[in-house]
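In my numbering, the protein residues as written are 12 to 207. We put the beta carbon where it would ideally sit given N, CA and C, even for glycine. Model, not experiment: these values are computed from the prediction. Comments concern the structure below.
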């Protein structure tokens, strides 16, 4: 078992909500600064080739995939946000609360663009501005960073066996294994006793 006590559901929910709000505000603030101060589709070097700013509006997903089906991505974001909120109900792990909060904030950041930006409701184009051409040939935003890192973190938490309630898979497996060991030992003991 872990040394720390599990969170109360209200505390876990508060962590998720606060982090989601912080990520959403950060994402939308950077997007507003981008719209106000960056030229459209012109490279602005920040750290040479390592980090650049490049303001574009993306109607599709990563790499502009599905540019003509913006409404599908809006529906997908709504569904993902709903699933995260639903999963939050059972969260009592601090790590899960932090990961889900960041992930939810990223999803809400891009969903806000889809719902409120031009060209219209549910078909808005996402504002992207971060470019790292040495790593990936795509332009992304703050919300995307939290979505990607959130999904990687979810995968790691699942692989390491940390459950939403703060327990680990091995904690639930031990009683069964111990019981199985006792069951396996019992016939041997009986046969040993009968042979004595």
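field: Bridge partners - residue 138, DSSP secondary structure assignment
entry: 68
field: Rounded straight-line distance, which links the Cα of residue 99 to that of residue 122
entry: 19 Å
Identity of the residues DSSP links to residue 55 by a beta bridge: 64
query: Looking only at C-alpha atoms, which of 33, 38 and 105 sits nearest to residue 21?
result: 105
task: Express the C-alpha separation of residue 119 and residue 88 in angstroms, rounding to a whole number.
output: 8 Å
field: Alpha-carbon to alpha-carbon, residue 173 and residue 18
entry: 14 Å
Where residue 102 sits in the DSSP three-state scheme: coil
query: Do you know how far the Cα of residue 66 is from the Cα of residue 167?
result: 32 Å
- prompt: If you run the structure through DSSP and keep just helix, strand and coil, what is residue 151?
  reply: strand
message: Suppose the cutoff is 6 Å on Cβ atoms and the five residues either side in sequence are ignored; what does the same chain contact list for residue 81 look like?
response: 70 and 134
message: Measuring alpha carbon to alpha carbon, tell me which residue in 56, 60, 27 and 41 is nearest residue 139.
response: 41
message: On the DSSP letters alone, give me the boundaries of the alpha helix (DSSP H) that residue 128 sits inside.
response: No alpha helix (DSSP H) contains residue 128, which DSSP labels as neither H nor E.
- prompt: In this structure, what does DSSP give as the bridge partners for residue 179?
  reply: 173
query: How long is the line joining the alpha carbons of residue 63 and residue 180, rounded to whole angstroms?
result: 43 Å
task: Determine the contact status of residue 148 and residue 60, defining contact as a CB-CB distance below 9 Å.
output: no
Alpha-carbon to alpha-carbon, residue 178 and residue 141: 37 Å
query: Between residue 46 and residue 16, what straight-line distance do the alpha-carbon atoms span, to the nearest angstrom?
result: 45 Å
message: So the candidates are 171, 124 and 114; which of them puts its Cα closest to the Cα of residue 94?
response: 114
- prompt: So what's residue 107 in DSSP terms, helix, strand or just coil?
  reply: helix
task: Enumerate in chain order the residues of its own chain whose CB-to-CB distance from residue 157 is below 7 Å, with the five nearest sequence positions on each side excluded.
output: 34, 113, 114, 116 and 117
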